[in-house]
Every structure is written in structure tokens, then in C-alpha cells.
Amino acid sequence: MFMDSTKCCQDYETHLESASIFHHTRRFGWLRCLICKSRLVYQSLLVFLFCFTLVGAEASADSVFEFACEDVSSYYSPVENLEGEELMKKLSLIVSNHRALPYKKVWDALKVLDAADVDNPDSSENVTEIYSLKAVPKLLAGKPEGWNREHLWPRSYGLTYGPSLSDLHNIRPADANVNSSRGNKYYGECLPTSLDCHKPANKEAASDTETDKNRWAPPFQVRGDIARALMYMAVSYGYNQTDGSPNLHLSDSPSIKKKEMGLLSTLLKWNELDPPSREEQLRNHRVCSFYQHNRNPFVDHPEYANLIWKQGTEHYHKDNHSVDAWVNEFHYNNKGKDNNEFVEIVVGPSTNASELNVALYNGKMYRFLPLVHDTKFTVTRDRSGFLIYTAWSELQNGPGDGIELISVGKKQQEVVQFISYSGIIKATDGPAIGLESIDIGLQETDDSSEFDSLGVIEKQGDKLECRKFINKASPRKLNMSQILSHS
Numbered sequence: 213m214f215m216d217s218t219k220c221c222q223d224y225e226t227h228l229e230s231a232s233i234f235h236h237t238r239r240f241g242w243l244r245c246l247i248c249k250s251r252l253v254y255q256s257l258l259v260f261l262f263c264f265t266l267v268g269a270e271a272s273a274d275s276v277f278e279f280a281c282e283d284v285s286s287y288y289s290p291v292e293n294l295e296g297e298e299l300m301k302k303l304s305l306i307v308s309n310h311r312a313l314p315y316k317k318v319w320d321a322l323k324v325l326d327a328a329d330v331d332n333p334d335s336s337e338n339v340t341e342i343y344s345l346k347a348v349p350k351l352l353a354g355k356p357e358g359w360n361r362e363h364l365w366p367r368s369y370g371l372t373y374g375p376s377l378s379d380l381h382n383i384r385p386a387d388a389n390v391n392s393s394r395g396n397k398y399y400g401e402c403l404p405t406s407l408d409c410h411k412p413a414n415k416e417a418a419s420d421t422e423t424d425k426n427r428w429a430p431p432f433q434v435r436g437d438i439a440r441a442l443m444y445m446a447v448s449y450g451y452n453q454t455d456g457s458p459n460l461h462l463s464d465s466p467s468i469k470k471k472e473m474g475l476l477s478t479l480l481k482w483n484e485l486d487p488p489s490r491e492e493q494l495r496n497h498r499v500c501s502f503y504q505h506n507r508n509p510f511v512d513h514p515e516y517a518n519l520i521w522k523q524g525t526e527h528y529h530k531d532n533h534s535v536d537a538w539v540n541e542f543h544y545n546n547k548g549k550d551n552n553e554f555v556e557i558v559v560g561p562s563t564n565a566s567e568l569n570v571a572l573y574n575g576k577m578y579r580f581l582p583l584v585h586d587t588k589f590t591v592t593r594d595r596s597g598f599l600i601y602t603a604w605s606e607l608q609n610g611p612g613d614g615i616e617l618i619s620v621g622k623k624q625q626e627v628v629q630f631i632s633y634s635g636i637i638k639a640t641d642g643p644a645i646g647l648e649s650i651d652i653g654l655q656e657t658d659d660s661s662e663f664d665s666l667g668v669i670e671k672q673g674d675k676l677e678c679r680k681f682i683n684k685a686s687p688r689k690l691n692m693s694q695i696l697s698h699s
């Protein structure tokens with residue numbers, strides 16, 4: 213394949229001896245030999261470069277990701293088809309072995325992770341506070357009039373001076389005054405019977421925050437973010453802490469002594485109602501690439517939460533005889549417009565309305581309404597003692613539409629009622645997942661007016677007799693001919 217340089221020179225010497233050439237020709241024989249040898253070196257170099265390129269290409273294919281956490285699909289491949297405790301333990305093995313930052317370095321990390329300009333974090337002059345959602349100067353870090361490092365999972369609930377203390381998935385910038393107000397309260401919403409509920413939770417906090425003696429509810433915009441952060445902590449630090457730190461757990465009975473944070477049922481609800489935003493996903497990726505080299509699994513896979521904490525118990529019951537509440541009346545269609553659309557729930561005196569939620573379905577769950585949400589529902593009391601909760605909210609019209617009433621108790625979540633008005637539907641997500649609705653057999657049309665409705669006229673146990681009311685909708689009141697009695 214390649215020219216032999218030795219043979220090249222020998223052939224040239226033979227040629228000179230057999231030819232009648234001037235003596236000065238021999239004087240330049242060395243030049244031709246040098247050229248022949250140079251060709252060999254050049255050809256060898258080409259082979260070397262070709263082989264090196266192949267090896268380099270193969271190596272680069274294996275090193276596209278600098279850290280394992282950057283290859284998201286491979287990162288979670290060990291947990292495929294797992295659920296419950298098995299899923300939780302495997303996730304713990306994946307995320308717990310990470311690079312821990314010195315606590316002092318957390319300040320600089322937060323200036324990037326929570327920069328107000330998420331697309332240009334280094335040049336952004338501000339950070340966004342978690343409870344106020346305000347943009348404040350980075351330069352005010354650690355100052356009384358500025359922001360400090362808020363541990364979403366409070367230090368008193370089991371954080372030591374090990375990796376858990378400086379874990380960036382658990383720390384956010386917060387207004388110093390608001391952070392002090394929160395203290396070590398667990399996350400939850402005020403009970404409707406609470407006499408010491410404050411809205412907002414602090415004068416510097418966002419308007420949709422609230423707090424009582426024990427609970428703290430952040431802005432709606434970040435409730436899912438906080439829920440997923442706490443779920444990460446329970447997974448990452450829930451098993452076999454090598455530095456002697458206590459194992460962390462989530463519970464509906466929070467306990468500083470037991471290192472159990474909560475409220476678990478509320479966090480699961482927030483995880484569903486507030487899915488990961490682009491900002492939360494970017495933050496998760498930057499923690500992986502720039503700092504700890506691990507990820508929060510619940511940001512990448514919010515469904516892991518239900519697979520872990522809703523396994524092994526009966527979460528849903530199609531019939532619930534212990535809850536005296538039902539969907540009483542609603543209106544969803546009038547000539548293609550959305551005027552006067554509402555849903556009304558009747559709650560018996562023996563039932564705690566604070567444990568009831570309404571889920572609206574359009575093939576999938578698209579809206580979740582807690583009955584005690586004062587900006588959505590108004591409440592009136594019937595003479596018989598029943599409470600009538602009414603929410604003016606747009607309802608979908610078409611196939612796959614339904615309304616679900618859910619009871620969220622201390623230990624489990626139960627489907628009280630699941631009705632539909634455009635044929636039977638099977639829930640593919642939300643609390644009623646896997647359940648089929650009961651079609652009430654009545655519909656509204658484009659000819660319906662904004663004063664029409666569908667409602668209950670008689671209830672016997674779980675059986676409802678419904679009627680279409682033409683120009684006689686009665687939100688906030690009992691329906692025509694309806695009489696309520698205590699069962």
C-alpha cells in the first residue's frame with residue numbers, strides 16, 4: 213500500500229550506475245531519498261490521524277453528558293415499573309449520593325438558581341423570594357431589610373450540619389421578616405373553623421398566602437414547587453443516614469420529635485394542582501449541572517408522588533355513605549357562551565366542608581376547587597341546617613365532561629360522587645382515576661339560556677333524581693320542589 217523508502221533509494225542508485233548521467237546528478241541523489249522517506253512519514257501521519265479521529269469520536273459519544281444527572285432518561289431507568297416503598301428506596305439511592313455544598317456557598321448558588329431573570333441568571337441583579345414572589349436585589353443577601361436562606365423543610369424537623377442542611381433543592385430566598393413569621397410551621401391550609409387564620413400570612417407575603425397557629429400556605433404559584441421539594445427531602449434523607457442524621461419522613465401528623473414533616477395529603481394535592489413550571493424545571497437542571505449533580509425526581513416525574521405515597525391503601529371509593537354531601541345543581545351551556553355558569557354543592561350538618569373538594573373533568577381533570585376557597589365559593593345556610601356552596605366557574609360542555617366530589621380526610625382520599633352529563637366517562641387522572649362516572653341522563657344544549665340548569669329534586673341514599681330547570685336556575689338556594697332532611 214505504501215512506498216518502501218529504502219527500495220526507492222536503492223532503485224535510484226541502480227539507475228545511476230546503469231545510466232550515462234553527468235556526475236553532478238549523483239550529487240542530488242540524497243534529495244530524492246529524502247522525498248521518498250517524507251512520503252512514508254506523511255502517509256503514516258494520515259493513518260494516525262484517521263485512527264485518532266475514530267477513537268475521539270467514540271469517546272465523545274460517551275461523554276456528551278458531563279454528569280449522570282444530565283442524562284435524564286438514563287438517570288431514572290433503574291426505577292422503571294417500580295412503585296411504593298421499592299420506588300422510594302431506589303430513588304433514594306439515585307439522588308442521595310450527591311455533592312454537598314459548604315453552607316456559606318449556598319448564598320452564591322441561590323443568586324443563580326432563583327435569579328429573577330431565569331434566562332440570564334448571572335447578569336440578573338435580583339432574586340425572587342419564595343413567599344412574597346417579589347424580586348429583590350441580590351446585594352441584600354443576609355441583611356435584615358433583605359432576604360435570607362429559607363429551609364422549606366425546617367431545620368428543627370431533622371436537618372443537621374450534614375448535606376441536608378445545605379441541600380439546594382430545599383433552600384429558597386425569602387424575605388427575612390416573612391421567613392421569621394413562618395418559623396417551623398408545617399405546610400397546610402387554614403381550616404374554615406379556624407379563628408386565627410391570617411390572610412395574607414404576613415404583610416410582606418403574597419396576597420394568596422395564609423397561616424394559623426400551626427399551618428403555613430405559600431402562594432398558589434409555588435405550592436407544587438414546595439410540595440415536590442419536601443418529597444425530595446423525604447426520599448433523599450429518608451434512609452440510612454451515614455452521618456448520624458435522623459431519617460426524614462412525610463406525614464399527616466407532623467412531629468418535630470419524630471422528624472415527620474407535613475401535611476402529606478396537602479402536599480400531594482398541591483403537587484397535582486400546581487405542576488412543574490419552566491422555571492422550576494430550569495432550577496432542577498441547574499442544581500444538577502452546576503452544583504450538586506443530582507436531580508429532584510418529582511420535578512421530572514410528578515407522578516412518582518402518588519406511586520409512592522398513595523400505594524398500599526384504599527384511596528378511592530365509588531360510594532361513600534359516611535359523607536353527607538352531593539352535587540346539587542349546575543349550569544354549563546347557553547348558546548355557546550359562558551354566562552352564569554356555576555356548580556353548587558350541598559353539605560349536611562354532620563359533614564366537615566373543609567375536607568371536601570370539587571374536581572371538574574373534560575376527559576382529564578382540568579380544575580380543582582376546594583369548597584372553603586373563599587375566592588371561588590360562596591356559602592348560604594338552609595333552614596334545615598344544610599350548607600349550600602356555590603362557585604361561579606366555567607364548566608366544559610361536550611363529551612367526557614363530569615363533576616367529582618372528593619373527601620380528603622386525615623388518612624385517605626375518597627370519591628364521594630362522580631357524575632357526568634354527556635355520557636359515561638372513565639377518569640384517566642386525578643382522584644377518580646380508573647372510576648366510571650354516573651351519567652345523570654340530562655344535558656343542556658345551545659338553545660339553553662343562562663337561566664337554565666340541571667339539578668337534584670330528590671335524594672335517597674346515593675340515588676339522585678335530577679331535573680332540567682328551564683329559566684329557573686337557583687344558585688345559592690334549594691331547587692324547586694326540593695326538601696332536605698337529615699338521614
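Note that my numbering numbers the sequence shown so that position 316 is 528, with each residue one more than the last. Yeah, the Cβ is synthetic: ideal placement off N, Cα and C, and Gly gets one too. Values in this document were obtained by computation on a predicted structure and should not be read as measured data.
1) Would DSSP call F234 helix, strand or coil?
2) Apart from the five residues on each side of it in sequence, which residues of its chain come closer than 6 Å, Cβ to Cβ, to M443?
3) Tell me which residue opens and which closes the beta strand (DSSP E) that Q433 is part of.
4) On the CB-based measure, 16 or more other CB atoms within 10 Å of its CB, does S693 come out buried or exposed?
5) Measuring only the C-alpha atoms, how far is I557 from I383?
6) Cβ of A388 within 8 Å of Cβ of W359?
7) Can you tell me where the beta strand (DSSP E) with I682 in it begins and where it stops?
8) What are the partner residues of D651, as DSSP defines its beta bridges?
9) According to DSSP, is W319 helix, strand or coil?
10) Pick helix, strand or coil for A273, following the three-state DSSP scheme.
11) Give the range of the beta strand (DSSP E) segment to which H363 is assigned.
12) Can you list, in chain order, the stretches of the beta strand (DSSP E) that have 3 or more residues and sit fully within the segment 346 to 404?
13) Thinking C-beta only, is S501 closer than 8 Å to F700?
14) Can I438 and Y399 be called in contact, C-beta distance under 8 Å?
15) Can you give me the Cβ contacts of E416 inside the same chain, cut-off strictly under 6 Å, excluding the 5 residues immediately before and after it?
16) Using a Cβ-Cβ cutoff of less than 6 Å, which residues in the same chain neighbour R679 once the five nearest sequence positions on both sides are dropped?
17) On the criterion of 16 or more Cβ atoms from any shown chain inside 10 Å, does Y315 qualify as buried, or is it exposed?
18) Residue range of the alpha helix (DSSP H) that E297 falls in?
19) Quick check: the segment 581 to 592 against the segment 446 to 453, are at least 3 beta-carbon pairs closer than 8 Å?
20) Would you kindly check if the distance between the Cβ of L380 and the Cβ of L504 is under 8 Å?
21) Where do the ends of the alpha helix (DSSP H) carrying A517 lie?
22) List the endpoints of the continuous beta strand (DSSP E) containing K481.
23) Starting from E491, follow the alpha helix (DSSP H) in both directions and report where the run begins and ends.
24) Pop quiz: S634 and G597 are said to be a contact at Cβ under 8 Å. What is the actual Cβ separation, rounded to whole angstroms?
25) Report all residues from its chain with a CB closer than 7 Å to the CB of L704; omit the five preceding and five following residues, and keep chain order.
26) Going by the CB atoms, is the gap between E626 and S619 shorter than 8 Å?
27) Taking contact to mean 3 or more Cβ pairs, one atom from each stretch, closer than 8 Å, check whether the segment 658 to 668 and the segment 537 to 545 are in contact.
Looking at the coordinates:
1) As a working mapping, residue 234 is identified with position 22 in the sequence shown. In this prediction, F234 scores a pLDDT of 40, lower than 50, which makes its location untrustworthy; no coordinate-derived value is stated.
2) Counting from 1 along the sequence shown, the entry for residue 443 is found at position 231. Result list for M443: F510 and A517, in chain order.
3) The sequence position of residue 433 within the sequence shown is 221, counting from 1. Counting along the chain, Q433 falls outside any beta strand (DSSP E), though it belongs to the alpha helix (DSSP H) covering F432 to S448.
4) Translated into the one-based positions of the sequence shown, residue 693 becomes position 481. Classification for S693: exposed.
5) As a first step, residue 557 is located in the sequence shown; it is residue number 345 there, counting from the start. As a first step, residue 383 is located in the sequence shown; it is residue number 171 there, counting from the start. C-alpha separation (whole angstroms): 40 Å.
6) For the purposes of this step, residue 388 is taken as the residue at position 176 of the sequence shown. For the purposes of this step, residue 359 is taken as the residue at position 147 of the sequence shown. Cβ atoms of A388 and W359: closer than 8 Å.
7) For the purposes of this step, residue 682 is taken as the residue at position 470 of the sequence shown. Counting along the chain, I682 falls outside any beta strand (DSSP E), and DSSP gives it neither H nor E.
8) As a first step, residue 651 must be located in the sequence shown, where it is residue number 439. Per DSSP, S632.
9) Counting from 1 along the sequence shown, the entry for residue 319 is found at position 107. Helix, per DSSP.
10) Mapped onto the sequence shown, residue 273 falls at position 61. Note that A273 has pLDDT 40, beneath the 50 cutoff, so the model's placement of it is unreliable and the number below is only indicative. Here A273 sits in helix by DSSP.
11) On the sequence shown, position 151 is the one that residue 363 refers to. Element bounds for H363: W359 to H363.
12) 347 to 349, 359 to 363 and 383 to 387
13) Residue 700 is absent from the structure shown; the chain starts at 213 and stops at 699.
14) Residue mapping note: residue 438 aligns to position 226 of the sequence shown, counting from 1. Residue mapping note: residue 399 aligns to position 187 of the sequence shown, counting from 1. Going by C-beta atoms, I438 is nearer than 8 Å to Y399.
15) Counted from its first residue, the sequence shown places residue 416 at position 204. Excluding positions up to five away in sequence, the list reads S344, D387, N389 and V390.
16) Against the sequence shown, residue 679 aligns to sequence position 467. Cβ neighbours of R679 beyond the five flanking positions: I669.
17) Residue mapping note: residue 315 aligns to position 103 of the sequence shown, counting from 1. The residue in question, Y315, is exposed, as its Cβ has fewer than 16 Cβ neighbours within 10 Å.
18) As a working mapping, residue 297 is identified with position 85 in the sequence shown. G296 to S308 is the extent of the alpha helix (DSSP H) around E297.
19) no
20) As a first step, residue 504 is located in the sequence shown; it is residue number 292 there, counting from the start. As a first step, residue 380 is located in the sequence shown; it is residue number 168 there, counting from the start. This sequence places Gln at residue 504; Leu is not what is there. It is a contact, given that the beta carbons lie within the stated cut-off.
21) Indexing the sequence shown from 1 puts residue 517 at position 305. Note, A517: alpha helix (DSSP H), Y516 to W521.
22) Position 269 of the sequence shown holds residue 481. Careful: K481 lies outside any beta strand (DSSP E), inside the alpha helix (DSSP H) at L476 to L485.
23) Counting from one through the sequence shown, the residue named residue 491 turns up at place 279. Counting along the chain, the alpha helix (DSSP H) containing E491 begins and ends at R490 to R498.
24) To locate residue 634, count along the sequence shown from 1; it is residue 422. To locate residue 597, count along the sequence shown from 1; it is residue 385. In fact, because the Cβ distance is near 34 Å, the residues do not count as touching under 8 Å.
25) Residue 704 lies beyond the residue range present for the chain, which begins at 213 and ends at 699; the question has no answer from this structure.
26) What you label residue 619 is simply residue 407 of the sequence shown in a count that begins at 1. What you label residue 626 is simply residue 414 of the sequence shown in a count that begins at 1. Yes; because the gap between Cβ atoms is below 8 Å, this pair is in contact.
27) yes
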